[in-house]
Ligand SMILES: Nc1nc2c(ncn2[C@@H]2O[C@H](COP(=O)(O)OP(=O)(O)OP(=O)(O)O)[C@@H](O)[C@H]2O)c(=O)[nH]1
Ligand SMILES: [Mg+2]
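Chains as they are written, first to last, in the working numbering: chain C, 36 to 235; chain G, 9 to 143.
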């Protein structure tokens, strides 16, 4: 599905509401694979400067010598008719890009944390991060072949996940599985957000 | 649409030798393109702010660089800042500066995403869930 390509877009035409979801997790856990499985476009890559928005570059002299670097993020898109468009961003895996998470998490409806049972500890930082930030998140265990299968309860215990955090198995390569993961996340976000502040 | 044939993101165009490693490397060209500016003259663009061109740039407008015109062409249909950055193969920070110029000159309009306070809107969840179920 796409925006109506045939129609001109006069200024002032109502644009869809953009919604952002994140896919987090350790290095090589299948973030790009998941984005790709559900996206209507091939995953695109965008980059942010490492310095200017986090540290602030005010001295523009000698820019040529400055070792300014960028960090890359993959993202995909799913549009729902005229009204909503969902953007799915894979967060940069390496921890040296931590600061980028704040920008990505700002205004995000929620996050999927992908876990690999062979390297469960890799997703601890993501769990900590979204817990601290109060971003709705779920954990999806990506089932790689050859990985010992764990009971979900064991995974929940190992990650120290509260009982209300949804935890499910997935295969990031399969669209139906990715779709189930996203539905689980959106439902969870809806539940959290429909509580009154007093309940929270 | 192909979801499985190639899981890698769009490849970079050639001529990007200044990127040393896939994840991070020195970037000089984007600063040159914005004449050293790091902040847009106008507007506050998030990665998912949607941009649409209000008019076309014919190629003779003073003060527009080729990248500005490319953006105006691309945004005949609404695009997010992230998509514009990906298609032009430029960092989002550079795109923000260029978009600020275009906004200032009246070539584009921008719709910022809803604030987090709107995340209580049930209709949004229902629309998104229905859309996902139909995938
Ligand atoms: N068997 C199996 N392989 C998978 C699955 N998901 C991903 N892979 C493979 O694992 C590798 C890494 O997947 P990516 O999607 O690139 O992982 P990533 O999290 O984006 O990696 P970084 O961005 O480098 O951190 C690829 O070769 C995928 O094909 C899965 O569910 N099962
Ligand atoms: Mg990746």
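Glycine is no exception: its CB is placed at the ideal position from the N, C-alpha and C atoms.
Within the region 53 to 92 of chain G, the complete alpha helix (DSSP H) segments of 4 residues or longer fall at 74 to 82, listed in chain order. One Cα belongs to residue 55 of chain G, the other to residue 191 of chain C, and the distance between them is close to 33 Å.
Judged by beta-carbon spacing, residue 194 of chain C lies beyond the 9 Å limit of residue 64 of chain C, meaning their Cβ atoms are not closer than that value. Residue-level contact check: residue 99 of chain G touches chain C, since one or more beta carbons of chain C fall below 9 Å from its beta carbon.
With a cutoff of 9 Å on beta-carbon distance, residue 53 of chain G and residue 60 of chain G are scored as not near each other. For the region 75 to 86 of chain C, the beta-carbon criterion of a distance under 8 Å to any beta-carbon of chain G is satisfied by 75, 76, 77, 78, 79, 80, 81, 82, 83, 84, 85. Taking 9 Å as the cut-off, the beta carbon of residue 69 of chain C is found no closer than this to the beta carbon of residue 140 of chain C. Around residue 82 of chain C, the same chain offers 105, 106, 107 as residues with beta carbons nearer than 7 Å, after the five sequence neighbours per side are excluded. Residue 58 of chain G reaches chain C at 50, 51, 53, 120, counting residues in chain order whose Cβ is nearer than 8 Å. With 16 or more other CB atoms across the displayed protein chains lying within 10 angstroms of its CB, residue 46 of chain G is buried.
Sequence-distant partners of residue 124 of chain G (beyond 5 residues in either direction) whose C-beta falls short of 7 Å from its own C-beta are missing from its chain.
Annotated as proximal: residue 145 of chain C and residue 221 of chain C, with beta-carbon spacing under 9 Å. With a cut-off of 8 Å, the C-beta of residue 149 of chain C is classified as near ligand 1, since at least one heavy atom of the ligand falls inside that distance. The alpha-carbon of residue 188 of chain C is positioned some 10 Å away from that of residue 196 of chain C. By the C-beta density criterion, residue 138 of chain G is exposed, having fewer than 16 other C-beta atoms within 10 angstroms.
At a cut-off of 9 Å between beta-carbon atoms, residue 78 of chain G makes no contact with chain C. For residue 53 of chain G, the Cβ stays outside the 8 Å cut-off from all heavy atoms of ligand 1. Within its own chain, the residues whose Cβ lies closer than 7 Å to the Cβ of residue 93 of chain G, once the five positions on either side in sequence are excluded, are 99, 100, 103, listed in chain order.
Only residues of its own chain outside the window of five on either side were considered, and among them 65 have a CB closer than 7 Å to the CB of residue 72 of chain G, listed in chain order. Pairing residue 80 of chain G with residue 115 of chain G, the inter-Cα distance amounts to about 7 Å. Contact of residue 228 of chain C with chain G is assigned, a C-beta pair being separated by under 9 Å. Residue environment analysis places residue 147 of chain C among the buried positions, since at least 16 neighbouring C-beta atoms fall within 10 angstroms of its C-beta. Secondary structure at residue 158 of chain C: helix, using DSSP grouped into helix, strand and coil. Between the region 174 to 182 of chain C and the region 106 to 121 of chain G, the count of Cβ pairs shorter than 8 Å is below three; the stretches do not touch. In terms of CA proximity to residue 217 of chain C, C:55 leads the group C:154, C:85, C:55. Following the DSSP letters along the chain, one finds residue 127 of chain G in no alpha helix (DSSP H), marked with neither H nor E. With a threshold of 9 Å between beta carbons, residue 106 of chain G makes no contact with chain C.
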